[in-house]
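In full-length UniProt numbering, the protein residues as written are 1 to 190.
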């Protein structure tokens, strides 16, 4: 890690309090970037695939502000949490996680998204974010730490395997499915 870009994940008082926040209130979420002009949205909007990688879907910028975790989470559920990595006063990466429940293994944690700005990659920031999520998972009594990765993202898959993750598609044949837009409306009869 270069001396000009030290990662202080979890050491900044504001970040530490955010990472330990169990049920953020809407005002706290707005203060952390989920308001009218969320920096999280800016960071997500700058994510572009590297040359040769599939384009994927663009992040819609006309949807308005991101929803707060309290609007997204089911009643009584613990809200999602963000971890940030800083270089000076610049946010260079984040991890978005939340808790899920397995009928087989109980409480688990799911890392929905992890991102490190390209110019800060290769410095261990992503690994630190992942390790911090694992720490939160153990502190909260989770039996598993889950995440998903696209098949073209070989660097991420190699990192996750190097850190001890198992590829469930390879090992157990699990495939991930989702319902979107019209399919959801059809299922719901709307």
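In this text, a Cβ means the ideal position worked out from N, Cα and C, and glycines have one as well.
Asked, Found
"Identity of the residues DSSP links to residue 99 by a beta bridge", "109"
"Buried versus exposed call for residue 150 [16 or more other C-beta atoms within 10 Å across all chains shown]", "exposed"
"Distance CB(residue 93)-CB(residue 115) smaller than 8 Å", "yes"
"Of the listed residues 104, 184 and 108, nearest to residue 141 (C-alpha basis)", "108"
"Bounding residues of the beta strand (DSSP E) (the contiguous stretch that carries residue 266)", "This structure gives no information on residue 266, because the portion of the chain shown stretches from 1 to 190."
"Rounded distance between the beta-carbons of residue 111 and residue 101, thought under 8 Å", "That pair is no contact at about 16 Å."
"Euclidean distance between Cα positions of residue 167 and residue 135", "21 Å"
"Backbone CA spacing between residue 177 and residue 91 [nearest angstrom]", "32 Å"
"Secondary structure of residue 180, DSSP reduced to three states", "coil"
"Residue 247 - DSSP class collapsed to helix/strand/coil", "Residue coverage of the chain in this structure runs from 1 to 190, which leaves residue 247 outside it and unanswerable."
"Sequence-distant residues of its chain with Cβ nearer than 6 Å to residue 133 (five each side left out)", "95, 97 and 111"
"Burial state of residue 81, where buried means 16 or more other Cβ atoms lie within 10 Å", "buried"
"Rounded C-alpha distance that separates residue 174 from residue 165", "15 Å"
"Where residue 151 falls: helix, strand or coil (DSSP)", "coil"
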